[in-house]
Structure formats: C-alpha cells, structure tokens
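**Q** Would you mind keeping the following structure in view while I ask a few things?
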Amino acid sequence: MSRSILRTIAIPLAAVVFGLLIGVVLILSQNASPVTAYTALVVGGLGDADALLRTLQKATPLIFGGLAVAVAFKAGMFNIGGQGQLLVGAVFAAGVGFGIDGLPMVIHLPAALVAGAIAGAIWGGIAGALKATTGAHEVIVTIMLNFVAGNLTDWLSANPWKDNSGNNIVARTPLVEDSATIPTLGAVPVGFLLAVVVAVACWAVLERTTYGFEVRSVGHNRNAAQYSGIRVGWIMASTMAVAGMLAGLGGAVESLGVDGRFEAGVNVGLGFEGITIALLARANPLGVIPAALLVGLMEAGASRMQFKAGVAPELIDVIQALILFFVAAPIIIRWVLRMRDDNSEQLRLGAGWGKS
Amino acid sequence: MKPRQKQFLYAGAALLIFVAWMFYAADGPQTTAVLAGTVRAATLLALGAMCGMIGERSGVVNIGIEGQFLMSAFVAFTIASMTGSLFLGTVAGVGMGLIMGWLLAAMAVGLKVDQIIAGTVLNIAALGLTSFFYDRSRSLGIGKYTNIDLGPLADLPLIGTVFFSRPPLTYLTMALLVLVHVALFRSVWGMRTRAIGEHPGAADTVGIDVLKLRYLNVTIAGGLAGLGGSYLALEAVGTFSRAMSGGRGFLALAVMIFGRRTPFGAYAAALFFGFTTALQNQFQLNNTFDIPPQFVGMLPFVVTIIVVAISGLMGSMRDPAALGQTYEKG
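Line by line, the protein sequences give chains A and B. Heads up: the first sequence is residues 1 to 356, going by the working numbering. Heads up: the second sequence is residues 1001 to 1330, going by the working numbering.
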C-alpha cells in the first residue's frame, strides 16, 4: 500500500523539485538570491496566521478548479472551461448575495452558494450536452463559453448589477450582505473547509458509487461502456454539469468569502490554474487538495518574495508551467531518476479529439 | 465542392458585396473603417488557423497557438525595440514561433505527451515567461509597420483602402494563404501530410517517416504562429502588453474548424470573426445603436458553438482520422 502511494506521488513530487530548481536559474538571471527568494516565499505563505489564511484562501478556488478538471478527466473529457464556469458562478453568487436582504444567514448563504453552483452547472452542462447529442468537442465549446462568460459577467457587473455607491466607475457589484458572507474560523476560511469536504465527496462518489463506476467506465473506454448498457451520453453531459458546478462553487466562494463582491477582471486566470492542479494530482480528487495547497502557498508568498528578494511574482507562473511539463512528460523524470517505465502513469486525452 | 454548393457560395459573396456597397454609399468613412478593421483582425486569425491546420492535417492537435502568439509577440517586440529594426523583430518572432512549434513537436511527437496537455503547457509557460521578463519601460521607438499602397489598386473605391492599402505583414499573410493552399492540396508534401493525419500506419507502410514529418510540420506551423505574434506586436498594436493575445489563439482554432481546415475557408471564417470584432469596436466609438458591446463581443463565440454543434449533427465536417493520437511505429 505505502509502496504504491510512494510510486504515485514520486513523479509529481519530482516535478515540483525540478520546477523549483529551474526557478533557481531564473532567479539568478535576475541577479537575486534564490535562498532569500524561496525563504520569503515560504514565510509569506506559512510564516504566521495571516500568511496561512492567505495560503488557504488562494488554495480554495484552486481545489474547486482542480476538481472541475479532474472529474471531467475521469469521464475522458477535458474541461478547459473552468474559467467561464467560475466566472458565472462568481457573478450569480454575488448577485444573490447583494440582491436579497433580510434573510437569515442559514438561508441566504446556502442560497448564494447554490446560485453559483447552478450557474456553473449550466455552463458546464451546455458543453456536456452538446458533446453527447451532437459530438461538438468539449474543448472548443468550453473555450468559447469562457469568452461568452467573460462578456456576460462584464456586462452584468457594468450595467444591471453595477455598484453605484459613491463615485464608483469600476465594473463591479455592490458588496454582498453580511448574511451571505462566508465567515473565517481563526486562520481557516470556512470556504476552504467546504472545498475539502467537496473534494472528499467527489472521491467517494467516483470510487464508491455505481454512478462513479459508470463515469470511470466511460472514461476508460466509451464503446465498451456503451455495449455494457451504460448511457454514455447522459454520463458525459451530467459529468460536465458536475464539473461546471464545482468550478461555479469555486467562483461563489471567491465572491462570498474572499472578495466580498464580483469585480470584472479580478478572477481572470483562476480557472486555468485548475488544469495544472488536476494534472499535478493525476486527476485524483483527493490529490487535488495537496496540489492546490502547494500552488496556493506559492501564490500567497509571491508578493513577499518580490518585496524581500526583488523577484517578479510571475516566477510562480513559470514554475507552475515547468511542473506541469514534468508531470505531463514523466519520461524525463524517469530518465533522470532511473525509474522503471510504468505506462499507467501517462495521462491521455487527445485521442478523443473530434470523436463523438 | 458540389456545383450546387458553389452556386450558393457565389450568390452569398455577391450579396455580401452588394450589402457592403449599400453601406458604403450611405456612410463611406464608417464602412471603410469597419471593413479595414475586419481585415486587420482577420490576419492574425488566419495565421493562427493555418498553424493549427498544418498540425491537424498531420494528426497533431495544437491548442498552444495562444502561447505561440504571445511568446513570439514578446520576442518580436523586444528584438525590434533593441535593434531598431521591424524586419529583424519580425524574423526573431518567426524564429521564436519555430522554437515553440519544435517544443510542441518534441512533447507531443517525441515524448508522446498527450497533445492537448502539451499545448496547455505551452500556453501556461508563455504567459508566465513573458510576464516574468516583461520590461514595462521598453517601447518601440521606431513606430509600427505602416500601410503600403499597391499603386492604382489602392485608389479603387471601398476595396482599395480595405485590401490594397495595408501594412506588409497583411500582404504576406494573403500570399501565404495561397502558398499553403497549393502546398496542402497540390504538392507531394501536402499529400504525405494528409496521409499521416488520416492513416499513419498506411503512410508508414509506403515509406513515409511519420514521426519525422510530424516533427517538421508542427515546427513549420509554429513559424506561421510566430509570424502572427510578430504581426500582433509590430503591425496591429505597435507594443507588447501582458497576455496581449487575448484568446485569439483559441479563436483561431475555431476559425480553422469553421473553415474546414482549408486556407481559403479559414480566411473567410477569419473575415467573419474579424467583422464582429470591428463592429464591436465601432459600436464602442459611436453610440448609434443601443446594443451593449459585450453582446456584440459574444457573437463570434456563440456562432462558433452553434456551427460546431450543427456540423457535428450533420457529420459534414470530418476530422482527420488519426487526429490526436500518438503514433507508435509497429
């Protein structure tokens, strides 16, 4: 058991180490000290209660975004639309959060979260339903839906739902009511706890239920699943809706727990980071949690790294790309570490391109 | 193409020209502005679509065009600003595109990384690297590429300014459209390329080195995206800014599918997408119509979804059979 876990995490772990090592070269190229930079990165992400809170806050949407990609992966689909699903989730959660007042928290907060989840589910579900009924490739459709979501949320926050207090000219909604704000328990945001619970639930559904078995069967071999009587179209459509729901929840938690409102342009890029997280976690819902914590830590510490060592915070993006590269091409790591070849480690998606 | 389809095509084109003429007669400057904006936006999409097309025809999906654009735009801008030469900048941009194409090939063909993941790596890496090395103080002191009038053609009403008074890379793109069309459908290279995308096993049997040709094609295709990046930084905008490709690498993929993976089809699709962009800009400039620009902005994406869905239903757009699969020599 422990041996197989070790084998599973060896590649992602080595990928992180390799990414950080190449990061050292980049830091040196900026005439900065790698030791100072990485120390500041860790202190900025773990040093005190504030830093820990920042890390957990950064990790929360990454968990949701990572799950949104990982769950779709299990059904053999690539959900590159986490960005759009997150945006609609964020704006509709904020809409319910500021638009209704006088509700008690036990009703208002769940209602706002559900609004975000439903919006995300619709966004993901469109791609899944089109894939199932017409064979339209989910990669193209979800990318297009990202742009539609960007325009829609821009419009909502700049026109009907605009914050008109004071002299505000920014495209953003008013602050959500206190009764729809996600609280923080000490250094632990409740949104993070929710993300962990949802990740465990995803794992349980995928590994321990009939539905999860059907999802994985479709992912392994669509034709075999069809012959064994699984309704492949339904599984694809519903899995994409669930994936969208997860990303939508991530957006909702951002609006209700971190930003306190929806503001156009603030959440850009969050959805795409889910891809890195999901691959780092090898599409395992439980693996998404440590992967998101790691990336969250780097993002939380990036500004301290800039302040202390003069290294641009975008270094984190480069390191993420390198980690993704090494996870995707484990052959390099195996060659360096002289590990044995294991074909099951390779993630495959592209063969489904263009096929319904 | 069937004769019937051809008739439709000609009738549609004639109708478009007639409508454009009506608008031109009604409001010359504004019509010219919109149509010139259309061509401007279409050039980048056409270059990206050709890049994607050559890859897909050889069986390799390239969703890293966005990253290829961005990285090349960055290099083209930096070199042009350092050397003071737009030409050297353009060459450097194309060179960077070739390197990005080679990287994609190395991952997707050489290391047999999943093609979609390989493209995603390019996108994320390009965004990170260009932001990391971005130097805000740098500027293009020499100004961007300027329009070149093609003699008397440029004096023609309407189409004169729209097509024949353009900057150099736009002309180059139009020439490349013809070149890629001829190469893909009239040359031995094109036949082999399409063969390895449809049935690599059979191509291998008759002596085509599938992996080598895929390597070559994906690298060359990267050069086209590199030209796109140079166009973006040195001709369309005249500077570099963070994430300036703004999703147009993805849009180019849609343009490619829309145009049935043919250069001319893709250019027609690119003009359509460019038109919605130009219209959106014009709507923002003057408030004649009460349509929020965001809704005009959604239009190309919604249309793409509908087209992809309908073409899936009708089965009219078949993908190369071996698309997305890594080839293992048997």
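Glycine included, C-beta positions come from ideal geometry on N, C-alpha and C.
Output the boundary residues of the alpha helix (DSSP H) element that contains residue 220 (chain A).
**A** Here the alpha helix (DSSP H) through residue 220 (chain A) covers 210-220.
**Q** Suppose only complete runs of 4+ residues qualify. What are the alpha helix (DSSP H) ranges in the stretch 212-300 of chain A, listed by chain order?
**A** List check, alpha helix (DSSP H) in window: 222-227, 232-253, 270-280.
**Q** Quick one: any contact between the stretch 1084-1092 of chain B and the stretch 292-310 of chain A, if contact means 3 or more CB pairs under 8 angstroms?
**A** Counting Cβ pairs under 8 angstroms, fewer than three are found: no touch.
**Q** Assuming residue 1263 (chain B) is part of the alpha helix (DSSP H), what are its boundary residues?
**A** Where residue 1263 (chain B) is concerned, the enclosing alpha helix (DSSP H) stretches over 1263-1285.
**Q** Helix, strand or coil: how does DSSP classify residue 16 (chain A) here?
**A** The answer is helix: DSSP assigns residue 16 (chain A) an H, G or I state.
**Q** Look up residue 1241 (chain B) in the DSSP assignment and give the residues it is bridged to.
**A** DSSP output for residue 1241 (chain B) lists no bridge partner at all.
**Q** Roughly how far, in whole angstroms, is the beta-carbon of residue 1045 (chain B) from the beta-carbon of residue 1251 (chain B), given that I think they are within contact range, below 8 angstroms?
**A** At roughly 6 angstroms, the Cβ-Cβ gap stays under 8 angstroms, so residue 1045 (chain B) and residue 1251 (chain B) are in contact.
**Q** How is residue 1140 (chain B) classed by DSSP in three states: helix, strand or coil?
**A** Reduced to three states, the DSSP call for residue 1140 (chain B) is coil.
**Q** Report all residues from its chain with a CB closer than 6 angstroms to the CB of residue 175 (chain A); omit the five preceding and five following residues, and keep chain order.
**A** Answer for residue 175 (chain A): 260, 261, listed in chain order.
**Q** Please go through the stretch 1149-1213 of chain B and give each complete beta strand (DSSP E) segment of 3 or more residues, from N-terminal end onward.
**A** Listed in chain order, nothing qualifies, since the stretch 1149-1213 of chain B has no complete beta strand (DSSP E) run of 3 or more residues.
**Q** Shorter than 7 angstroms from the beta carbon of residue 305 (chain A) to some beta carbon of chain B?
**A** Not an interface residue.
**Q** If you drop the 5 nearest sequence neighbours on each side, which residues of the same chain put their C-beta closer than 8 angstroms to that of residue 1147 (chain B)?
**A** Within the same chain, residue 1147 (chain B) has close Cβ partners 1165, 1166, 1167.
**Q** To which residues of the same chain is residue 1283 (chain B) closer than 7 angstroms at the C-beta, ignoring the five residues directly before and after it?
**A** Excluding sequence neighbours, residue 1283 (chain B) sits near 1289, 1291, 1293, 1296.
**Q** Do residue 173 (chain A) and residue 163 (chain A) have their CB atoms nearer than 7 angstroms?
**A** Yes. Within cutoff.
**Q** Counting beta carbon pairs with one atom in the stretch 1230-1248 of chain B and one in the stretch 1039-1054 of chain B, are three or more of them shorter than 8 angstroms?
**A** Taking 8 angstroms as the limit for Cβ pairs, the verdict is that the stretch 1230-1248 of chain B does touch the stretch 1039-1054 of chain B.
**Q** Taking beta-carbon pairs under 8 angstroms, can you tell me which members of the stretch 140-164 of chain A lie near chain E?
**A** Given the protein chain composition of this structure (A and B), no chain E is represented.
**Q** Nearest to residue 1211 (chain B) by alpha carbon, out of B:1170, B:1127, B:1325?
**A** Considering only alpha carbons, the answer is B:1325.
**Q** Pull out every residue of the stretch 1117-1143 of chain B whose Cβ sits closer than 7 angstroms to any Cβ of chain A, in chain order.
**A** Here the close residues are 1117, 1118, 1120, 1121, 1124, 1125, 1127, 1128, 1129, 1131, 1132.
**Q** Would you tell me roughly how many angstroms separate the C-alpha atoms of residue 116 (chain A) and residue 251 (chain A), rounded to the nearest one?
**A** Taking the straight line joining both Cα atoms gives about 7 angstroms.
**Q** Check the Cβ-Cβ distances between residue 1375 (chain B) and every residue of chain A, and say whether any is below 7 angstroms.
**A** Since the first residue shown for chain B is 1001 and the last is 1330, residue 1375 (chain B) is missing from the structure and cannot be characterised.
**Q** Consider the Cβ of residue 44 (chain A): report whether some Cβ of chain B lies at a distance smaller than 7 angstroms.
**A** No, residue 44 (chain A) does not count as interfacial toward chain B.
**Q** List the whole-angstrom C-beta distance separating residue 253 (chain A) from residue 191 (chain A), where the pair is believed to meet the contact cut-off of C-beta under 8 angstroms.
**A** About 4 angstroms separates the two Cβ atoms, so the contact holds.
**Q** Can you grab the Cα-Cα spacing for the pair residue 332 (chain A) / residue 326 (chain A), in whole Å?
**A** Going from the Cα of residue 332 (chain A) to the Cα of residue 326 (chain A) covers about 7 angstroms.
**Q** Can you name the residues of chain B whose CB is closer than 7 angstroms to the CB of residue 134 (chain A)?
**A** Neighbours of residue 134 (chain A) on chain B, chain order: 1309, 1312, 1313.
**Q** Is residue 351 (chain A) helix, strand or coil by DSSP?
**A** With a pLDDT of 44 at residue 351 (chain A), under the threshold of 50, the predicted position of this residue should be treated as unreliable, and no value is reported.
**Q** Identify the residues that DSSP records as bridge partners of residue 1057 (chain B): which are they?
**A** According to DSSP, residue 1057 (chain B) bridges with nothing at all.
**Q** Could you give the distance in angstroms between the alpha-carbon of residue 203 (chain A) and the alpha-carbon of residue 1309 (chain B)?
**A** Answer to the nearest angstrom: the Cα atoms are 32 angstroms apart.
**Q** What does DSSP give as the partner residue(s) for residue 185 (chain A) in the beta ladder?
**A** Answer is A:188, bridged to residue 185 (chain A).
**Q** With 7 angstroms set as the bound, which would you pick, yes or no: does the beta-carbon of residue 207 (chain A) sit closer than that to a beta-carbon of chain B?
**A** Answer no: the Cβ-Cβ gap between residue 207 (chain A) and chain B never drops below 7 angstroms.
**Q** In three-state terms, what does DSSP make of residue 172 (chain A)?
**A** Reduced to three states, the DSSP call for residue 172 (chain A) is strand.
**Q** Quick check: what's the CA-CA separation for residue 169 (chain A) versus residue 97 (chain A)?
**A** Rounded to whole angstroms, residue 169 (chain A) to residue 97 (chain A) spans 21 angstroms at the Cα level.
**Q** Three-state secondary structure (DSSP) at residue 75 (chain A)?
**A** Coil at residue 75 (chain A), not helix or strand.
**Q** With 7 angstroms as the limit, tell me which residues of the stretch 317-340 of chain A have their beta carbon closer than that to any beta carbon of chain B; keep them in chain order.
**A** If the cut-off is 7 angstroms between Cβ atoms, the stretch 317-340 of chain A has 317, 318, 320, 321, 324, 325, 328, 329, 331 near chain B.
**Q** Identify the contact partners of residue 1294 (chain B) in chain A, using a Cβ-Cβ distance below 8 angstroms as the criterion.
**A** Ordered by position in chain A, the residues that pass the 8 angstroms Cβ test against residue 1294 (chain B) are 151, 152, 154, 155, 158.
**Q** Under three-state DSSP, which class holds residue 1063 (chain B)?
**A** Residue 1063 (chain B) falls in the coil class under three-state DSSP.
**Q** When you compare the stretch 1051-1059 of chain B with the stretch 1181-1197 of chain B, are there three or more beta-carbon pairs, one atom per stretch, that lie closer than 8 angstroms?
**A** Output reads yes: the stretch 1181-1197 of chain B touches the stretch 1051-1059 of chain B.
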